[in-house]
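Inspection log for the structure reproduced underneath, given as structure tokens.
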Amino acid sequence: MALSVGLNSVMRALLAQQQALDVASHNVANVNTPGYSRQRLRLASVPASNPSQPGLPGNGVQVIGTERIRNIFIDFQRRGQEQAAGYYAVKTDSLKLVETSLGEPGESGLRQAMNDFFNAWRDVANDPEQSAMRSAVVQAGTSLGFTATRIDGQLRSMRDDANRRVAATVTEINGLADQIASINGQIISLRGIGDPAGDLTDRRDHSIDRLSRLVDVQYTETASGSMTVSIGGRSLVSGSNVRGLTTATNAANNNYLDVQWASDGAALSSATGELGGLINQRDVDLPQRLADFNAVVTQLMADVNTAHATGFARDGVTTGTAFFTGSDASDIAVNAAVTGNIDLVGAASLAGAAGDGSNALGLADLQWAKTMGGATQSYDEFYNSLVTSLGVDAKNAQTLADAQALSVQQLDQLQQSEAGVNLDEEMVNIVQFQRAYQAAARVISVIDDMLDTLINRTI
Amino acid sequence: MRVSTPGLSSRLLNQIATSQQRLQEVQDRVSTGRRINRPSDDPYGTSRVMIAKTRLDAAGQFQRNIQIANIDLATTESAFVSVNTVLQRAVELSVQAGNSSLDAASRNQIAFEIDRMIEETTAIGNTSQAGRYIFAGHQTTAPPFAPDVAGNPTVVNYSGDSGAIQREISAGERLDVNVPGDQVFTGVFDALITFRDNLRSNNVAGLQTDPQAFNTQIDLVLQVRGDVGSKMRRLDLTEARLQDDDLQLQTMIGELEDADFVDSVAQLQIRDSAFQAALAAVGKSLNMSLLDFLR
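Sequence lines, in order, name chains A and B. Here this note's numbering runs 1058 ahead of the position in the first sequence, where the first position is 1. Residue 243 in this note's numbering sits at position 254 of the second sequence; the count goes up by one each step and never skips.
Here's what the structure looks like:
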């Protein structure tokens, strides 16, 4: 082997080890970067330049490229789990808030308020001649109204919140689509010149991870290295082009926002992911719970008003007064005429009968009357089944959300064990590359010595 | 399996978070003393607790109603005891007055006593309890009995009605707790006035029938008192049943809703230890690095 050739091969070795050190230090630097996949320098030996001449050594080492170490299959599975995790996380959060609003089985909910209200009528029946009990029943009615209005308002504002989050989610989806498209463009040009673009691919994967938590996405990688992302069969990102989403106010749905494709206004269909969860809460789940809650309140209001109107006020003459005013749980209140003049409380069934509390007793009996659910349930029974089904749903959603979060976490750990940087491993590599570099440098000084001997000592 | 550095820390973090969450759950249970804090903790248990709480509240109300009913009936009862006393005295006097040896002046003396007895009976008929005239039917705000002529009435008028005052003593079960005054007192007044007039007019034949008239009234009062007494016994029975219910419902609510304190505290200890162990593991694992051994 010619000495000059030896120098050349050693120089390649120096450069290769240096590059390997660079890759290791890149790994160390990104040890805590979310979504980062460790990289390796792929090295190969350079065969002898003249294969026809046997026995010659090879020409050292060459760099083939960097490779990104990651299990794509785990990513695929993880994203599938993320969609369900997002959906159930939204549902769980929402139902927990509903539970908090209802405040059952405590003493601050509708059950207690109804109970206090009917018991107050029994007190009126015990003492129809006096003001104290009339005043107490007006108080109990007022507090029943407040409780109903508070819960109704909280459930409504939860729908409004879900709507605001729909808008924010659409903005985030568009932002992620823009990111993916712009990274697609960079990856295509880098791959074109032979760069595997590992770091950009990591960033794109991270964006797709996030996107798949938000919405039901499908994706395929093309030969050029760009990622095509679609929702419900329509492409969101294709190469570096984005066909984004937009929102439009729907007057028929409480002025809430419909999610549409920006290009042609077609409705977006996404049943899962956080977006699917939010839309389900806003348009299906919460409205049903609101309707059930209102069914109890409106039925109670109507029954109490009908019974109260047949009663006679303290003067023994005035009759036909409504106890409650309002149309549903949002505005139920004790009739202002009654709060202004508690003598209007209609305790008596008969005219001119000061000691008659039988109408108050009749009102109290409404507590047991089966006027709900097709005359099969009392207010309490109907409300109980509402609370029970809420509890069952919240418990199930929580269980599913936990299970999904756990499987995402496990897949994450699986991917981490494949793609994550291990600092100890990198330290070993660094030492190894450093030693190789030192050895190569040593070879140079040996060749230098040999040349010195050859050039200066041979006279 | 290969371990990556961030993978190790995230796994350790997860372990800490899980331990902490489990510790938090049992801490909540111990500090609130409750097993069910929200419906999803136990949906069917929640429903049973709610039903039991409503029944418990209602049972409490019914017990208050029963106490009030008891006072109503006891007041009625004691009024009838007084009426009975008046009637017993009237029988004595009428037997005495019917004695043919008595002269008109003596009979006139008795008549004055009867006038006072009419006044006394009027006062009994106008008994009020907690501001309510109990013998007035529904007309509880005004005294129901008034003599037409004060001191020497020819009739005692009843201004009440026959309205029934009812108390709800258990779900859907009502009990009449009043006796409209005209049912008892009108007959008594009539008998007393007739007797007095017979005394004043010295109508010996009439006086012979008066003891029988008073005995008829005594029987009527006894009959009504018996009715009141049986109602009071019914109240006692219902109250005892409600108290039993109370105990059972409270036990049921306690079993469903309250945390088992001993178990919770034991769990707290176990989970606290698990948490400490997780922390110790993290402390050890995170500190291990090859860097400590490389020069």
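For glycine and all other residues, C-beta sits at the position ideal for the given N, C-alpha and C.
Contact set between Ser1416/A and chain E, taken where Cβ atoms lie within less than 7 Å: The chain labelled as chain E is not found among the protein chains of the depicted structure, namely A and B.
Listed by chain order, chain A residues near Asn59/B by CB distance under 8 Å: Translated into the one-based positions of the second sequence, residue 59/B becomes position 70. In chain order: nothing, as chain A lies at least about 12 Å away.
CB contact below 8 Å: Trp1426/A versus chain B: Here residue 1426/A corresponds to residue number 368 of the first sequence, with the count starting at 1. Yes, its Cβ sits closer than 8 Å to a Cβ of chain B.
Cutoff 8 Å: Leu1358/A Cβ touching any chain B Cβ: Residue mapping note: residue 1358/A aligns to position 300 of the first sequence, counting from 1. It does not; no Cβ of chain B falls within 8 Å.
is_contact[Thr1227/A, chain B] using C-beta, thresh 8 Å: If you number the first sequence from 1, residue 1227/A lands on position 169. Not one chain B Cβ lies under 8 Å of Thr1227/A.
Touch test, the stretch 1383 to 1399 of chain A against the stretch 1196 to 1210 of chain A, Cβ-Cβ under 8 Å, three pairs minimum: yes
CB contact below 8 Å: Asp46/B versus chain A: Locating residue 46/B in the second sequence gives position 57, counting from the first residue. Cβ-Cβ to chain A under 8 Å: yes for Asp46/B.
Bounding residues of the alpha helix (DSSP H) (the contiguous stretch that carries Gln232/B): What you label residue 232/B is simply residue 243 of the second sequence in a count that begins at 1. First-last of the alpha helix (DSSP H) with Gln232/B: 193 to 246.
Those runs of the beta strand (DSSP E) which lie wholly inside the stretch 108 to 158 of chain B and span at least 3 residues: The DSSP assignment places complete beta strand (DSSP E) segments of no fewer than 3 residues inside the stretch 108 to 158 of chain B at 134 to 136, 145 to 147, in order along the chain.
Closest residue to Gly1374/A among Arg1347/A, Leu1344/A, Leu1408/A (Cα-Cα distance): Along the first sequence, read from residue 1 onward, the residue named residue 1374/A stands at position 316. Considering only alpha carbons, the answer is Leu1408/A.
Min CB distance Leu279/B to chain A below 8 Å: Reading the second sequence from its first residue, position 290 is the one you call residue 279/B. Judged by the 8 Å Cβ criterion, Leu279/B is in contact with chain A.
C-beta neighbour in chain A for Gly120/B, strict 8 Å: In the second sequence, residue 120/B corresponds to position 131, counting from 1. Closer than 8 Å to some Cβ of chain A, the Cβ of Gly120/B qualifies, so yes.
8 Å contact criterion, which Thr1227/A and Leu1333/A should meet: CB distance rounded: Position 169 of the first sequence holds residue 1227/A. Position 275 of the first sequence holds residue 1333/A. Between Leu1333/A and Thr1227/A the Cβ distance is about 5 Å, and since that is below 8 Å, they are a contact.
Whole-angstrom distance between Val1224/A and Ile1009/A, CA atom to CA atom: Residue 1009/A falls outside the range modelled here, since chain A spans only 1059 to 1517, and no answer is possible.
Exposed unless 16 or more other CB atoms sit within 10 angstroms - verdict on Phe1351/A: Translated into the one-based positions of the first sequence, residue 1351/A becomes position 293. That one is buried.
From Leu257/B, Gly215/B, Asp150/B, residue whose alpha carbon lies closest to that of Gly1413/A: Here residue 1413/A refers to the residue found at position 355 when the first sequence is read from its first residue. With distances taken between Cα atoms, Gly1413/A lies closest to Asp150/B.
Cβ pair count under 8 Å reaching 3, the stretch 1115 to 1129 of chain A against the stretch 1071 to 1086 of chain A: yes
Below-8 Å beta-carbon distance, Val38/B vs any chain A residue: Along the second sequence, one-based indexing puts residue 38/B at 49. Yes, because at least one Cβ of chain A sits closer than 8 Å to the Cβ of Val38/B.
Contained beta strand (DSSP E) runs [length at least 3] in the stretch 1113 to 1184 of chain A, N- to C-terminal order: 1119 to 1126
Contact the stretch 1283 to 1292 of chain A vs the stretch 1229 to 1249 of chain A: 3+ CB pairs below 8 Å: yes
Among Glu1484/A, Leu1481/A, Ala1477/A, Gly1144/A, the one whose alpha carbon lies nearest that of Arg1128/A: Here residue 1128/A refers to the residue found at position 70 of the first sequence. Selected option, being the one with the closest Cα: Ala1477/A.
Same chain only: Cβ atoms within 7 Å of Glu1279/A, ignoring 5 sequence neighbours per side: In the first sequence, the residue the question calls residue 1279/A occupies position 221. Met1285, listed in sequence order.
Reference Arg284/B, options Gly1290/A, Met1485/A, Gly1199/A, Asn1313/A, closest by Cα: Locating residue 284/B in the second sequence gives position 295, counting from the first residue. The shortest C-alpha separation from Arg284/B is found at Met1485/A.
Whole-angstrom C-beta distance between Gly(-4)/B and Ser1475/A, which should lie under 8 Å: Stepping through the first sequence from its first residue, residue 1475/A is reached at position 417. Stepping through the second sequence from its first residue, residue -4/B is reached at position 7. At roughly 6 Å, the Cβ-Cβ gap stays under 8 Å, so Ser1475/A and Gly(-4)/B are in contact.
Bridge partners - Tyr1314/A, DSSP secondary structure assignment: Here residue 1314/A refers to the residue found at position 256 of the first sequence. Bridge partners of Tyr1314/A: Asn1308/A.
Three-state secondary structure assigned by DSSP to Met(-10)/B: The residue given as residue -10/B occupies position 1 in the second sequence. Coil.
Meets three-Cβ-pair contact criterion under 8 Å: the stretch 1142 to 1151 of chain A and the stretch 1457 to 1468 of chain A: yes
Whether Thr35/B touches Pro28/B by CB criterion (8 Å): In the second sequence, residue 35/B corresponds to position 46, counting from 1. In the second sequence, residue 28/B corresponds to position 39, counting from 1. Yes; because the gap between Cβ atoms is below 8 Å, this pair is in contact.
Closest Cα partner of Ala135/B within the set Asp199/B, Ile25/B, Asp17/B, Glu108/B: As a first step, residue 135/B is located in the second sequence; it is residue number 146 there, counting from the start. Considering only alpha carbons, the answer is Glu108/B.
Cross-strand partners of Glu162/B (DSSP beta bridge): Counting from one through the second sequence, the residue named residue 162/B turns up at place 173. Answer is Ser159/B.
Inter-stretch contact at 8 Å, needing at least 3 Cβ pairs: the stretch 1174 to 1189 of chain A / the stretch 1502 to 1516 of chain A: Counting Cβ pairs under 8 Å, fewer than three are found: no touch.
Collapsed DSSP secondary structure at Val1501/A in the structure displayed: Taking the first sequence and counting its residues from 1, the one referred to as residue 1501/A is at position 443. Val1501/A falls in the helix class under three-state DSSP.
N- and C-terminal bounds of the beta strand (DSSP E) containing Tyr1277/A: In the first sequence, the residue the question calls residue 1277/A occupies position 219. That run of the beta strand (DSSP E) goes 1275 to 1279.
Three CB pairs or more closer than 8 Å across the stretch 3 to 10 of chain B and the stretch 264 to 283 of chain B: Using a Cβ-Cβ distance cut-off of 8 Å, the stretch 3 to 10 of chain B and the stretch 264 to 283 of chain B are in contact, since at least three pairs of beta carbons, one from each stretch, lie closer than that value.
Assumed close pair Lys1149/A, Gly1335/A - CB separation to whole angstroms, cut-off 8 Å: Along the first sequence, one-based indexing puts residue 1149/A at 91. Along the first sequence, one-based indexing puts residue 1335/A at 277. Correct: roughly 5 Å between the Cβ atoms.
Met106/B to Ser67/B span [Cα, whole Å]: Numbered from its first residue, the second sequence carries residue 106/B at position 117. Numbered from its first residue, the second sequence carries residue 67/B at position 78. One C-alpha to the other measures close to 17 Å.
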